[in-house]
Amino acid sequence: MSIKENVFPSHFAWGAATAAYQIEGAWNADGKGPSIWDTFCHGKGRVYENQNGDVACNSYDLWEEDLRCIQQLGLTHYRFSLSWSRLLPDGTTRHINQKGVSYYNRVINDLLASNVTPMVTLYHFDLPQALQDQGGWTSAHIADAFNSYAVFCFGTFGDRVKLWLTLNEPSVCAKLGHEDGLHAPGLRDPGAAAYLVGHNMLRAHAKAWHSYHALFRPEQRGLVSLALSSDWAEPLDPGSPEDAAAAERYMAFTFGWFASPVFMTGDYPAVMRSRIDARSRAQGFLSSRLPAFSEGEPSVLGTADFFALNYYTSRRARSASPPPGTLGLKSDQGAEGVLDPSWPVCGVSWLAVVPDGLRKLLKHIKDTCNNPAVYITENGFSQVGPVDLEDFRRCGFYRDTLLEVSEAIHEDGVDVRGYFAWSLLDNFEWADGFSVRFGLFHVDFEHPKLTRSMYRSGREYAKIIARNGFPSSAQS
Ligand code: BGC
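If you use the working numbering, the sequence shown closes out at 476, no skipped numbers anywhere.
What follows is the structure, encoded as structure tokens:
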């Protein structure tokens, strides 16, 4: 490889990401209202060892510690999310919690004073409970509530924040939260709720993007997108037409579900539409379980100023034929994703480590979404069991992954603008509680000070950042 191939473009964004509920703690401090994750975790039997994010990394009180971690890594960008119910305790602008506003003002101002660009996510899974009580994401009204919240945030922080993400991973929120019941709000309603939630999330996102575009962009000149997560899927048997079709369906139901309306056609992938419509009819539903976009609403197509990709893993796909009556996204998809035995799995069973899947997915984005600017807004490697600060496997993971990103840029011509490691800190990993650690910094959750210590992978990442890649003299 030439020197050029392993050096990233100038102004490449080197980041790390977090989310409010996973790090902040202070769940009911200073006027914060409860969110669905507070409620979910306070119920029993939902999270590993009944843990919760009441304290988490206590980033609400220990922000300066986090800032030091960011500075030690030499990050140019930091992605974090706002807790909607910390700012608007009942989810509406009827009551604004000034202490919440002050907290995020401090974070943003400190970042800028340290030469770190904030990327702010408005919604990372933690809906105000008060809005859940009115139907949450299953209610059509949520789109207006989200839009008002977004307008409030753009107006309050947008003079300094120029990179916005409206929603984090709508597919995860829709499926894990409303079909599988594994995430808050814990609904188990296979077949219809996930599509309805996804639809309302798209409507909410589109409204917020249009508000920004009309009301704020002329002066603030920022960019707005939404973070989409997707596996990369390939046929299990590359020679089999059935497996090839299964891989296409797998991609349509994971990647295309949100990427197609926003980046490609303004509507869901044709194969989702035809399969869900037909299956709904056969199952006796009066209308399709997949909602339709209505003419009277702001268009969803084109409502992203860049592609924000969360990539973790890949699958090999083969055809599956569940009984026609079975409800659920997987049954509609008619494809099953399996792990290739050659892929190492890190910590959690779903996370096969496949760095070259990221390169292929980036190329796919370039080819299918009209060559957008791409930020990789999450990517990471977990550790379970005894804490090992000398996390050599994670170091190898970051190196292999960033080499693939470099190839995507230099060989495939993908316009990748930045990379955010998940995560800055070990944190509350949703249903896995604190048992799964993704941090570049270890957090000692047993210690009253919640001490942060850099993993070896943090040191390696800092070196890569300092050199803006892997110049040939640095390769070893
Ligand atoms: C989410 C993060 C989560 C990470 C690892 C992503 O789906 O955005 O909140 O911690 O994956 O599971």
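Ideal placement from N, C-alpha and C gives every residue a C-beta, glycine not left out.
Exercise. So is the beta-carbon of TRP232 under 7 Å away from any non-hydrogen atom of the ligand BGC?
Worked result: For the purposes of this step, residue 232 is taken as residue 232 along the sequence shown, with counting starting at 1. The answer is no for TRP232.
Exercise. Any heavy atom of the ligand BGC within a distance shorter than 7 Å of the CB on PHE258?
Worked result: Indexing the sequence shown from 1 puts residue 258 at position 258. No; taking the cut-off as 7 Å, the Cβ of PHE258 has no heavy atom of the ligand BGC nearer than that.
Exercise. Secondary structure at ARG221, three-state DSSP: helix, strand or coil?
Worked result: Translated into the one-based positions of the sequence shown, residue 221 becomes position 221. ARG221: coil per DSSP, three-state reduction.
Problem set entry | Length at least 4, wholly inside the segment 287-367: the alpha helix (DSSP H) runs in chain order | 329-333
For this session: Output yes or no for whether 8 Å exceeds the beta carbon distance between VAL348 and ILE376.
Result: Here residue 348 corresponds to residue number 348 of the sequence shown, with the count starting at 1. Here residue 376 corresponds to residue number 376 of the sequence shown, with the count starting at 1. For VAL348 and ILE376, no; Cβs fall outside 8 Å.
Exercise. Between LEU351 and the rest of its own chain, which residues show a CB-CB distance below 8 Å, the 5 nearest in sequence each way excluded?
Worked result: Counted from its first residue, the sequence shown places residue 351 at position 351. TYR312, THR313, VAL345, PHE381 and SER382, listed in sequence order.
Exercise. When you compare only the Cα positions, how much space is there between GLU411 and ARG359?
Worked result: Translated into the one-based positions of the sequence shown, residue 411 becomes position 411. Translated into the one-based positions of the sequence shown, residue 359 becomes position 359. So the two alpha carbons sit approximately 10 Å from each other.
Exercise. What residue range is occupied by the uninterrupted beta strand (DSSP E) comprising SER453?
Worked result: Walking along the sequence shown from the start, residue 453 turns up at place 453. Note, SER453: beta strand (DSSP E), 452-454.
Problem set entry | Short Cβ contact (8 Å threshold) for LEU176 with PRO128 | If you number the sequence shown from 1, residue 176 lands on position 176. If you number the sequence shown from 1, residue 128 lands on position 128. Not in contact: LEU176 and PRO128 (Cβ atoms no closer than 8 Å).
Exercise. Any heavy atom of the ligand BGC closer than 7 Å to the Cβ of ALA19?
Worked result: Within the sequence shown, residue 19 is the residue found at index 19, counting from 1. Yes, since a heavy atom of the ligand BGC falls inside the 7 Å radius drawn around the Cβ of ALA19.
Problem set entry | Straight-line gap, VAL384 to PHE434 (C-alpha atoms, nearest Å) | For the purposes of this step, residue 384 is taken as the residue at position 384 of the sequence shown. For the purposes of this step, residue 434 is taken as the residue at position 434 of the sequence shown. Distance between the alpha carbons of VAL384 and PHE434: 9 Å.
Problem set entry | Backbone secondary structure at GLU411 - three-state DSSP | Residue 411 sits at position 411 when you count from the first residue of the sequence shown. The answer is coil: DSSP assigns GLU411 none of H, G, I, E or B.
For this session: Give the straight-line distance between the Cα atoms of ARG456 and GLU390, rounded to the nearest whole angstrom.
Result: Position 456 of the sequence shown holds residue 456. Position 390 of the sequence shown holds residue 390. C-alpha separation (whole angstroms): 5 Å.
Exercise. What residue does the beta strand (DSSP E) around HIS442 start on, and which one ends it?
Worked result: Residue 442 sits at position 442 when you count from the first residue of the sequence shown. Taken as a continuous stretch (DSSP letters only), the beta strand (DSSP E) holding HIS442 covers 441-443.
Exercise. Taking just the CA atoms, how far does ASP159 sit from ASN370?
Worked result: To locate residue 370, count along the sequence shown from 1; it is residue 370. To locate residue 159, count along the sequence shown from 1; it is residue 159. Cα to Cα, ASN370 sits roughly 30 Å from ASP159.
Problem set entry | Integer-rounded CB distance, given that GLY25 should sit under 8 Å from PRO58 | Counted from its first residue, the sequence shown places residue 58 at position 58. Counted from its first residue, the sequence shown places residue 25 at position 25. Position check: residue 58 holds Asn in this sequence, whereas Pro was assumed. 4 Å between Cβ atoms; contact.
Exercise. Should SER294 be labelled buried (16 or more other beta-carbon atoms within 10 Å of its own) or exposed?
Worked result: Translated into the one-based positions of the sequence shown, residue 294 becomes position 294. Flag for SER294 reads exposed.
For this session: Just tell me which of ALA408, ILE464 and THR451 has its CA closest to the CA of LEU485.
Result: For the chain, the structure presents residues 1 to 476; residue 485 sits outside this window and is missing.
Exercise. Taking 7 Å as the cut-off, is the CB of TYR78 close to at least one heavy atom of the ligand BGC?
Worked result: The residue you call residue 78 lines up with position 78 of the sequence shown. TYR78 Cβ: outside cutoff for every heavy atom of the ligand BGC.
For this session: Could you tell me the distance, in whole angstroms, from the CA atom of TRP422 to the CA atom of GLY284?
Result: Within the sequence shown, residue 422 is the residue found at index 422, counting from 1. Within the sequence shown, residue 284 is the residue found at index 284, counting from 1. Going from the Cα of TRP422 to the Cα of GLY284 covers about 43 Å.
Exercise. If you run the structure through DSSP and keep just helix, strand and coil, what is ILE23?
Worked result: By 1-based counting over the sequence shown, the position of residue 23 is 23. ILE23 falls in the helix class under three-state DSSP.
Exercise. By Cβ distance below 7 Å, which residues in the same chain neighbour VAL7 in space, the five residues on each side in sequence not counted?
Worked result: Counting from 1 along the sequence shown, the entry for residue 7 is found at position 7. For VAL7, where only same-chain residues beyond five positions count, the Cβ hits under 7 Å are ASN468, GLY469 and PRO471.
Exercise. Near GLY191, what residues of its chain come up, given a Cβ to Cβ distance below 6 Å and the 5 sequence neighbours on each side ignored?
Worked result: On the sequence shown, position 191 is the one that residue 191 refers to. If we look at GLY191 and ignore the five residues flanking it on each side, its Cβ neighbours are ARG289, LEU327 and GLY328.
Problem set entry | Residues bridged to ILE464 (per DSSP) | To locate residue 464, count along the sequence shown from 1; it is residue 464. Partner(s): none; ILE464 has no beta bridge.
Exercise. To the nearest whole angstrom, what separates the beta carbons of ILE365 and PRO355, a pair I think is in contact under 8 Å?
Worked result: Here residue 365 refers to the residue found at position 365 when the sequence shown is read from its first residue. Here residue 355 refers to the residue found at position 355 when the sequence shown is read from its first residue. Incorrect: roughly 16 Å between the Cβ atoms, too far for contact.
Problem set entry | Length of the line joining the Cα atoms of PHE12 and SER321 | Sequence index remark: in the sequence shown, residue 12 carries index 12 (1-based). Sequence index remark: in the sequence shown, residue 321 carries index 321 (1-based). Computed Cα separation, rounded: 44 Å.
Exercise. Rounded to a whole number of angstroms, what is the C-alpha to C-alpha distance between ILE3 and GLY302?
Worked result: Position 3 of the sequence shown holds residue 3. Position 302 of the sequence shown holds residue 302. With a pLDDT of only 44 at ILE3, under 50, the local geometry of the prediction cannot be trusted, and no value is derived from it.
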